[in-house]
Each structure stands twice: as structure tokens, then as C-alpha cells.
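Beneath this line is the structure, given in C-alpha cells, with notes to follow.
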Amino acid sequence: MIKHMVPSKWDMEVDLVAVGSSAGGLTAAIMARDLGMSTVVLEKGGVLGGGTAYSGGAIWIPLSHHMSEVGCKDTRDGVLRYVRKLSMGHHDEAILATYLDTGAVMVKYLEEHTPLRMCVEDDSSGTEYCADVPGGVPLGRKLWPDANVMPGVLDEAEKKYPLVAKVSKDPVRYLIGPRLPWVQGRALIGGLALACAQRGIEVLTETPGKQLIVDNGKVIGIRAQREGRDFFVKGKKGVLLATGGFEWNQEMNKRFIYSPPLHAYTSPTNEGDGHIMGMELGAAVALMDHSIFQPGLGLPTDIVGHNQHLHRPFIYGYPGYIMVNRDGKRCCDECFYPDMGRAFLEYDRQRGGFKNWPIFAVLDQGFRDFFPFAGLKRGATDVNDLVKKGDTPRALAEAIGVSGDNLTETIERFNRFAREGKDPDFHRGESMYDLRWAEAIFPNRGSMAVLGPLEKPPFYGVELSLTTAGNLGGLVINTNAQVIDVRGEVIPGLYGTSNTTAMLPLGHHYDSGAAQGKSMIFGYVAANHVAGAGQKQHK
Numbered sequence: 249m250i251k252h253m254v255p256s257k258w259d260m261e262v263d264l265v266a267v268g269s270s271a272g273g274l275t276a277a278i279m280a281r282d283l284g285m286s287t288v289v290l291e292k293g294g295v296l297g298g299g300t301a302y303s304g305g306a307i308w309i310p311l312s313h314h315m316s317e318v319g320c321k322d323t324r325d326g327v328l329r330y331v332r333k334l335s336m337g338h339h340d341e342a343i344l345a346t347y348l349d350t351g352a353v354m355v356k357y358l359e360e361h362t363p364l365r366m367c368v369e370d371d372s373s374g375t376e377y378c379a380d381v382p383g384g385v386p387l388g389r390k391l392w393p394d395a396n397v398m399p400g401v402l403d404e405a406e407k408k409y410p411l412v413a414k415v416s417k418d419p420v421r422y423l424i425g426p427r428l429p430w431v432q433g434r435a436l437i438g439g440l441a442l443a444c445a446q447r448g449i450e451v452l453t454e455t456p457g458k459q460l461i462v463d464n465g466k467v468i469g470i471r472a473q474r475e476g477r478d479f480f481v482k483g484k485k486g487v488l489l490a491t492g493g494f495e496w497n498q499e500m501n502k503r504f505i506y507s508p509p510l511h512a513y514t515s516p517t518n519e520g521d522g523h524i525m526g527m528e529l530g531a532a533v534a535l536m537d538h539s540i541f542q543p544g545l546g547l548p549t550d551i552v553g554h555n556q557h558l559h560r561p562f563i564y565g566y567p568g569y570i571m572v573n574r575d576g577k578r579c580c581d582e583c584f585y586p587d588m589g590r591a592f593l594e595y596d597r598q599r600g601g602f603k604n605w606p607i608f609a610v611l612d613q614g615f616r617d618f619f620p621f622a623g624l625k626r627g628a629t630d631v632n633d634l635v636k637k638g639d640t641p642r643a644l645a646e647a648i649g650v651s652g653d654n655l656t657e658t659i660e661r662f663n664r665f666a667r668e669g670k671d672p673d674f675h676r677g678e679s680m681y682d683l684r685w686a687e688a689i690f691p692n693r694g695s696m697a698v699l700g701p702l703e704k705p706p707f708y709g710v711e712l713s714l715t716t717a718g719n720l721g722g723l724v725i726n727t728n729a730q731v732i733d734v735r736g737e738v739i740p741g742l743y744g745t746s747n748t749t750a751m752l753p754l755g756h757h758y759d760s761g762a763a764q765g766k767s768m769i770f771g772y773v774a775a776n777h778v779a780g781a782g783q784k785q786h787k
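Heads up, the working numbering is the position in the sequence shown plus 248, with the first residue counted as 1.
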């Protein structure tokens, strides 16, 4: 364990220091204050919410009271079967148990004591990724900020509380649906920020954490930076790292992620600061190759932070669209983004290099008539520097640099599958998730909602980037949210949550909302443990 010099004077002293205004950092601060402790949140950026504020705002919370309210049934044994089937043996049973036993309690507490209101999402977005697996459920485990409640509450709160106005806005529009000011991830962070404001909890923006301070083997505070100088904050009872993932740290990506070049659409402040501070003290790490891989696009106009290029997720899963690899052949189920991510990672040992990369989205005019695409308007036929065009599949193949014979054959084969309503190559449109994906837009069409052919010229293609909604590897914690070292011993005074910690509840599986669910649950657990409440409960 590296020993850092204890400052002769602290700039601030509190019981619990939360480093990062993630959903978990804010939840921990709220709980700490409610348990009678003093607390502060240190935020690296100028706005609040990190990657959560950019997201859809879902939290994966099995067994919550909201499930029974809408007639969804769930069992603890069912969740255990589901995770054990999908984690590839990399989840931690004790961490999973804490997640399941605490999640519903945490949600109920926040709804009873803060303005945050959640609900079960009842459209296709609420479907579990692997709902067909034993223990999976079609709906109910994913909760979202209630769009009937939160916008009105936060519209008013923004006028009264400057802290609420600091919640990050979406830097680009990438999700289908209404883009109201206070929905999805912004509503989740907004509800927690409002609770902090109502409690008088100080959140210091533009105050990045730099080094943990250790005395007699215990973490007692942190050296941050504020207004160009060192800023020392003492955590008399603990320091919680909630700084998000490391997907904007290209050096860490190269060391830990086995993939083509990886881009992100999370907050550019997610540079692995908490990982680095924890590893300096000998913290164990796990699942560092695990990430929420998705296809994406980097539009020239999508610049955030300090001239950093944000990559937005690419629309997928609708008729008139396929993905092809460098040979002009399909390579995945284009309706299921985890399989799309898998396609980017597949390696060719004989030829060397990634088997499918570069990967291209290929679509017809019928798709463009219905959806905006790559910064281009719906119904148009124009292109930009990213998008290529051809009157025939062969002409498009030449434009994007793949085999004309292969692309022509690929489109003809897919069109035949689409007309027959069955995809024997990649089973697109067969799972519950696939079938529900386009239901809101194309109701009562079954597999045809996602399997429509590419037959209306001209045809378009664009090279896709490999993007991530967050790297999921991180520090290892125990069931009290205490960070442990490489020998399995607790690092006294140090706690962790958010994507700063490994996705040990699910192992090498991911479901939408699990990262934010984990973040809030273990922020809640950490505050309780720091306060001395619930230690027996969370062991």
C-alpha cells in the first residue's frame, strides 16, 4: 500500500467523501446525511451525472414493489437461475445476494424520502436481454424515472435550486422518442440532485480527485484539485469512489480491452480516476475486459468536453437494414446489440486480425424514408462524408470497399429470409427481446417488424465504430462496498461503487440498468456501513 503524505491542514472535513456525482455517489451522500453524517460530493466535471445523465436512466432492480403494481411476477430463485446461466461463472454469489436483497429496499427508501419516482417500463425497452433464458422475465425488472411525474417536479426544482440546473444535458440526440428536458438518465440524476439540494449537501464541481491519503494503513481522505491548487478533504469515516468507468482513457483501453479501437458515448470525465487511485493502494480489479459494446457513429459535429469526439450509438433492429463485415457478409443479429458487439470482437486466427472489422451498416431507401440516419434527415436521399451510396448493391459494395458478389448475394439471401419471416443464419426476430424491439413502431407484425427486406434503391452504407456505454471492469468490493486488496483484505476507509467497481453481480453478462442499479445499491450499502448501521445485514 502506497503511503501518501497527510496534509498539515485540511480544506474540508466531513464524515463521508463521495468522489463522483454518479447515481451511486449521490445516493450515498443522501443516505449519509439521512443517517446523521456530514458529507460532500466531489465532481470532476462542471456538470453532474457522468455517464448516467447521458443514458436511458434505467436501473435493473429485480423483486421491487413496482413489479407487483403492474402484474409482473418474479422470484429470487428465478433471478439466481438467470444470472448463473448467463454470467459465464464470473459473478460473485455474495455480491449478487446483496444486490438482490438491497435493491428493492433502496428504491423504496428513495421514493419515500426523496422526490425520485420510478416505474416499470412497459414497452419493448423494458424487456430483459435474455428473457427466454430460464429465470428471465419479459418485463418488470427494469425501472425508469416516471415520465408522468419527474419532468414537472424537476422543471420547478430547476428554477429554485442551482444544483439541479447543473445536471448534464444530453450532448447529442440519439434515442428515439420525446426528448423532454427531464426524462431518462437526466431525470434519474435530477431526482437525486434535488434530494441533495433539499438536504443542503454540498456538491463541488470541477473538483477532480487525484490521490487517496492514507494514515496508519487507513484511507482518511483525498487530495483533489480545485481552482488550480491542491484541495484536501478529510473523510473521517470513509471515502467512496464513484467516478465511473475508464472508457475515455485510451491507455487503459489498450491494456485491458481486447477489441478494435474503442470509442465512448459516456461523459468524457470517465477516465478511470477511481480505478487508478484504488490500484495505487493495491486494490484488486476484476472483469477489466468487460464493456457494454455497441455499434456507433462518430459525427464530426459531436464534440464534447475539451474538444473530445463523442460517438453516438447507431439505430438498429428495424426493417431495411443489415450489418456486413469486411467481406460483405452478415455477421450478427442486427436487432440484438450484445451480438453486434460480439461481432466486432471475433478474431480470425488464420488471416490475423479481427474477423469482421471493419463493419458496415447497409440499408435501403425504405429505411431512410422512416428514420433519420447518420445526421441526415428522414426521407432524404442525400449523403455526407460518412455515408456512401449506390443505385445497386454492387455499386454500394464498390463505394464502401467490399466484395460486390458477396454483398449482392448477402442482400438477396437476407431478403429471402425476410419474406419467409425466419433468419436461420443469426436468428434475428426469434427472441422475445427481438420481437418486442420494434413493436411500438410496427405493431402486430411479428418477426417482420425487424426482418423487412432491403429492396428500395438507392442503397446506403456507413462504416460503424465500436462504441461503449461504459466499461464494466473495476475495483473489487465486498458486500459492505468496501474495496479489497489483491490479497483479499479490506482497505480500511475505502469504499467503491458505480463503474469504478467490477460488475460482480452479473459477471460477464449485462442487462440494461445493471450498472446504474449496482451504483445506487452499493452507494446505499456504503453509507449504511460507514454509519455503522446495517453492518450485520450487509455482511
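Cβ coordinates follow ideal geometry from the N, Cα and C atoms, glycine included. Keep in mind the model is a prediction, meaning the values are calculated, not measured.
- Counting only residues of its own chain and dropping the five nearest sequence neighbours on each side, N719 has a CB closer than 6 Å to the CB of G493, F494, E495, S539.
- Contact between G268 and G522 holds, with the beta-carbon distance rounding to 7 Å and staying under 8 Å.
- In the three-state reduction of the DSSP assignment, Y513 falls in the coil class, being assigned neither a helical nor a strand state.
- Per DSSP, N719 is one residue of the beta strand (DSSP E) stretching across 707-719.
- Scanning its chain for C-beta atoms nearer than 7 Å, with the 5 sequence neighbours on each side dropped, one finds around F480 the residues P255, W258, D259, G469, R471, in chain order.
- Assignment of S746 by DSSP, reduced to helix, strand and coil, places it in the helix class.
- Annotation: D759 to R389 spans about 10 Å, alpha carbon to alpha carbon.
- P429 and M398 have their C-alpha atoms spaced approximately 10 Å apart.
- For L644 and G638, the gap between their C-alpha atoms comes out near 4 Å.
- The DSSP assignment places complete alpha helix (DSSP H) segments of no fewer than 4 residues inside the stretch 388-470 at 398-408, 410-413, 432-447, in order along the chain.
- Taking 8 Å as the cut-off, the Cβ atoms of G438 and L290 do not count as close.
- If you ignore the 5 residues before and after I659, its C-beta comes within less than 6 Å of the C-beta of P641, L702, all in its own chain and listed in chain order.
- Counting along the chain, I505 sits inside no alpha helix (DSSP H), nor does DSSP assign it H or E at all.
- In the DSSP assignment, F619 falls outside any beta strand (DSSP E) and carries neither an H nor an E.
- As the crow flies, the alpha-carbon of I461 is around 11 Å from that of G526.
- Taking P419 as reference, the option from A779, T346, P691, G433 with the minimal CA-CA separation is G433.
- P509 and Y595 have their C-alpha atoms some 14 Å from each other.
- Note that the C-beta distance between W308 and A762 is below 8 Å.
- In this model, G677 and G337 are separated by some 28 Å (Cα to Cα).
- At the C-beta level, F562 and L712 come within 8 Å of one another.
- Short of 6 Å from the beta carbon of G709, and not among the five residues preceding or following it, lie these beta carbons of its own chain, in chain order: F608, V610, K636, L644, I648.
- Taking a cut-off of 8 Å for Cβ pairs, the stretch 399-416 and the stretch 314-326 do not touch, as fewer than three such pairs fall below it.
- Leaving aside the five residues that flank F665 on each side, the residues in its chain whose CB is nearer than 6 Å to its CB run, in chain order, D671.
- In the DSSP assignment, A774 falls within the unbroken alpha helix (DSSP H) covering 762-778.
- Here the stretch 265-281 makes contact with the stretch 736-751; the two share three or more CB pairs at distances below 8 Å.
- For G351, the closest C-alpha among the options C378, S312, A342, T375 is that of S312.
- Rounded to the nearest angstrom, the Cβ distance from F541 to L714 is 6 Å, consistent with a contact under 8 Å.
- Nearest to H339 by alpha-carbon distance, out of Y772, F662, K766, is K766.
- Inter-segment contact for the stretch 543-550 and the stretch 527-535 is absent: fewer than three beta-carbon pairs are separated by less than 8 Å.
- Collapsing the DSSP output to three states places A306 in coil.
- The beta carbon of Q473 sits closer than 8 Å to the beta carbons of T455, P456, K458, F479 from its chain, once the five residues preceding and following it are set aside; these are given in chain order.
- By the Cβ-count criterion, G600 is exposed, with fewer than 16 other Cβ atoms from all chains shown falling within 10 Å of its own Cβ.
- Here A531 carries a strand assignment [DSSP, helix/strand/coil].
- For I540, the enclosing beta strand (DSSP E) starts and ends at 539-545.
- If you look at T287, you'll find it in the beta strand (DSSP E) that goes 287-290.
- Residue burial is scored here from C-beta neighbours: V318 has fewer than 16 other C-beta atoms within 10 angstroms and is therefore classed as exposed.
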